[in-house]
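Enquirer: Pasting a structure here, questions to come.
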Amino acid sequence: EEYRQTDGKIIMKELYEQTLIASNNLIDLDQLRLIASALKNAQFIDMYTSAGNLYFVENFKFQMSEIGRFVNVPVEEYQQLLAAASSDKEHIAIVVSFEGRGMIVDKIVKLLKKNNTPIILISSTTLKSLLVFVIIIFT
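My numbering numbers the first residue of the sequence shown as 3 and each following residue consecutively.
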């Protein structure tokens, strides 16, 4: 049977619609308001991620700069650990780890928790190991 380009478009459209529905079902508007308020009131915003999510994080940093908010995005492992170690309650940390595969994510989250830094976790719904450290969860 011949595969046509329109078949691929239909499949992609269905996958996209399923993703939108699944994502919409996960959004908790009260939690989203809490996160927006925390980001607005934070003196410093730091984001931590692994190389696979760096484009997503850099895009967020750029969008925040357009509204006048600076976001610190340490990239190298040493920079991330240093930033987490010097963080405190005046900072808010956004940790992006969809599968928890980043080599130092656990270390970073433990440092942030030790320093009483509020943490927003952006992850898949299956990542449970970091939840014990997080005060704000956005999946």
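Built from N, CA and C at the ideal position, the CB exists for glycine as well.
Drop a sphere of 10 angstroms on the beta-carbon of Y50, count the other beta-carbons inside from all chains shown, and report buried for 16 or more, exposed for fewer.
Expert: As a position in the sequence shown, residue 50 is number 48, starting the count at 1. Looking at its Cβ environment, which holds 16 or more other Cβ atoms inside 10 Å, Y50 is buried.
Enquirer: Quick one: Cα of T141 to Cα of T8, how far?
Expert: Your numbering for residue 141 matches position 139 in the sequence shown. Your numbering for residue 8 matches position 6 in the sequence shown. Residue placement at T141 cannot be trusted, given a pLDDT of 39 that sits under 50; the coordinates are not used to answer.
Enquirer: If we count the other Cβ atoms within 10 Å of its Cβ and call it buried at 16 or more, is T21 buried or exposed?
Expert: In the sequence shown, the residue the question calls residue 21 occupies position 19. Burial call: exposed.
Enquirer: Quick check: what's the CA-CA separation for Q81 versus P120?
Expert: For the purposes of this step, residue 81 is taken as residue 79 along the sequence shown, with counting starting at 1. For the purposes of this step, residue 120 is taken as residue 118 along the sequence shown, with counting starting at 1. Rounded to the nearest angstrom, the two C-alpha atoms are 19 Å apart.
Enquirer: When burial is assigned at 16 or more other CB atoms within 10 Å of the CB, is V134 buried or exposed?
Expert: As a first step, residue 134 is located in the sequence shown; it is residue number 132 there, counting from the start. Note that V134 scores 47 on pLDDT, short of 50, meaning its location in the model is unreliable; the coordinates nonetheless yield the value given after this. Classification of V134: exposed, given that the 10 Å Cβ count is below 16.
Enquirer: In three-state terms, what does DSSP make of F135?
Expert: On the sequence shown, position 133 is the one that residue 135 refers to. Residue placement at F135 is flagged as unreliable, the pLDDT there being 48, under the threshold of 50; the coordinate-derived value follows with that caveat. Helix, per DSSP.
Enquirer: In chain order, what residues of the same chain have a beta carbon less than 8 Å from the beta carbon of L83, not counting five sequence neighbours either side?
Expert: Residue 83 sits at position 81 when you count from the first residue of the sequence shown. The answer, listed in chain order, is I106, K109, I110, L113.
Enquirer: Select from N118, P76, K42 the residue whose C-alpha is nearest the C-alpha of L56.
Expert: Taking the sequence shown and counting its residues from 1, the one referred to as residue 56 is at position 54. The shortest Cα separation from L56 among N118, P76, K42 belongs to P76.
Enquirer: Where DSSP assigns a beta bridge to Y50, which residues make up the other side?
Expert: Indexing the sequence shown from 1 puts residue 50 at position 48. Paired residues: V97.
Enquirer: Restricting to Cα atoms, I'd like to know which of D48, V97, F58 is closest to F72.
Expert: Residue mapping note: residue 72 aligns to position 70 of the sequence shown, counting from 1. Of the listed residues, the one whose Cα sits closest to F72 is D48.
Enquirer: Roughly how many angstroms separate the alpha carbons of I37 and N43, rounded to a whole number?
Expert: Your numbering for residue 37 matches position 35 in the sequence shown. Your numbering for residue 43 matches position 41 in the sequence shown. If I take the Cα positions, the gap works out to 10 Å.
Enquirer: If I measure Cβ to Cβ from S67 and keep anything under 8 Å in the same chain, skipping five residues before and after, which residues do I get?
Expert: Along the sequence shown, read from residue 1 onward, the residue named residue 67 stands at position 65. Closer than 8 Å at Cβ, skipping near neighbours: V73.
Enquirer: The alpha helix (DSSP H) with I121 in it runs from where to where?
Expert: Counting from 1 along the sequence shown, the entry for residue 121 is found at position 119. Segment 121-124 is the beta strand (DSSP E) holding I121; no alpha helix (DSSP H) there.
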